[in-house]
Amino acid sequence: MHTIDKNADGERRNIIYFDLETQKSAREVGGWSYVDRMKLAIAATFSTADQQYTTFQEADVERLINQLTKADLIVGFNLKGFDYVVLRPYTRINLWQLPTFDMLEHVRRTLGFRLSLDALAKETLRESKSADGLQSLRWWKAGKIDLVAEYCRKDVEITKRLYEYACQHGYLLFRGRDGRVRRVNTTSW
Numbered sequence: 256m257h258t259i260d261k262n263a264d265g266e267r268r269n270i271i272y273f274d275l276e277t278q279k280s281a282r283e284v285g286g287w288s289y290v291d292r293m294k295l296a297i298a299a300t301f302s303t304a305d306q307q308y309t310t311f312q313e314a315d316v317e318r319l320i321n322q323l324t325k326a327d328l329i330v331g332f333n334l335k336g337f338d339y340v341v342l343r344p345y346t347r348i349n350l351w352q353l354p355t356f357d358m359l360e361h362v363r364r365t366l367g368f369r370l371s372l373d374a375l376a377k378e379t380l381r382e383s384k385s386a387d388g389l390q391s392l393r394w395w396k397a398g399k400i401d402l403v404a405e406y407c408r409k410d411v412e413i414t415k416r417l418y419e420y421a422c423q424h425g426y427l428l429f430r431g432r433d434g435r436v437r438r439v440n441t442t443s444w
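In the numbering used here, each residue carries its 1-based index in the sequence shown increased by 255.
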């Protein structure tokens, strides 16, 4: 396919793979209509420019947003429907105007329904996520911030590997309701 980390001129692009975890659940803030009240617990990024993972806490949110604004492309899973909404109270910048590739948005557009990051990872990469958002919240409330950071970083790693796989192979795999493995065409990515 194409080299995803270089532009048309062969220059290295700064792709930021991004995910975040919250301090509060939807139930705690009054429902999914109030995602912007969930507050940032931990965010993790991977930058292709420096080939490094970085972890951010709420006190570091300005550095996180600064990194995102310098990206040539931000890649994540449900960024527009969740992560950016969580970050909205922390910045005046319209995050939706940043160059963003929301993998969930493209999967939903292609298939007509949503799939989880875990469903794609299980079939495409043959690995599962290390936990889920509710477990992350329990760790946060117990003060186990290192476990939240590790979980968030792992989700960034899985997102990165899925995006690279999709760009290189032209598809991702998932298991349909009938139990059969199916493909999501990603050639338009």
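The C-beta atom is built at its ideal place from N, Cα and C for all residues, glycine as well.
So, is residue i buried or exposed, given that buried needs 16 or more other C-beta atoms within 10 angstroms?
i	result
residue 410	buried
residue 314	exposed
residue 391	buried
residue 317	exposed
residue 282	exposed
residue 447	Residue coverage of the chain in this structure runs from 256 to 444, which leaves residue 447 outside it and unanswerable.
residue 289	exposed
residue 370	buried
residue 415	buried
residue 307	exposed
residue 368	exposed
residue 451	For the chain, the structure presents residues 256 to 444; residue 451 sits outside this window and is missing.
residue 394	buried
residue 352	exposed
Suppose you measure from the CA of residue i to the CA of residue j; what does that come to, to the nearest Å?
i	j	result
residue 443	residue 426	10 Å
residue 422	residue 335	21 Å
residue 256	residue 419	Annotation note: pLDDT 36 at residue 256 (below 50); position unreliable, coordinate value reported separately. For residue 256 and residue 419, the distance between alpha carbons rounds to 10 Å.
residue 343	residue 349	8 Å
residue 388	residue 412	16 Å
residue 280	residue 293	6 Å
residue 405	residue 312	13 Å
residue 269	residue 278	29 Å
residue 407	residue 299	6 Å
residue 366	residue 441	11 Å
residue 303	residue 424	20 Å
residue 285	residue 433	35 Å
residue 362	residue 431	14 Å
residue 364	residue 301	26 Å
residue 345	residue 323	13 Å
residue 321	residue 305	15 Å
residue 267	residue 381	29 Å
residue 377	residue 403	21 Å
Can you round the beta-carbon distance between residue i and residue j to whole angstroms, since I take them to be within the 8 Å contact cut?
i	j	result
residue 309	residue 297	Between residue 297 and residue 309 the Cβ distance is about 11 Å, and since that is not below 8 Å, they are no contact.
residue 319	residue 379	Not quite, the Cβ-Cβ distance comes to about 28 Å (not below 8 Å), so this is no contact.
residue 384	residue 372	6 Å
residue 428	residue 438	6 Å
residue 341	residue 295	6 Å
residue 354	residue 326	7 Å
Segment contact flag, the region 326-341 with the region 273-287, C-beta cutoff 8 Å, min 3 pairs: yes
Unbroken stretches of the beta strand (DSSP E), 3 residues or longer, contained in the region 326-351: The region 326-351 contains these whole beta strand (DSSP E) runs: 328-331.
Three or more C-beta pairs below 8 Å linking the region 391-400 and the region 358-375: no
Complete beta strand (DSSP E) runs within the region 349-392 (minimum length 3 residues, chain order): List check, beta strand (DSSP E) in window: 355-357.
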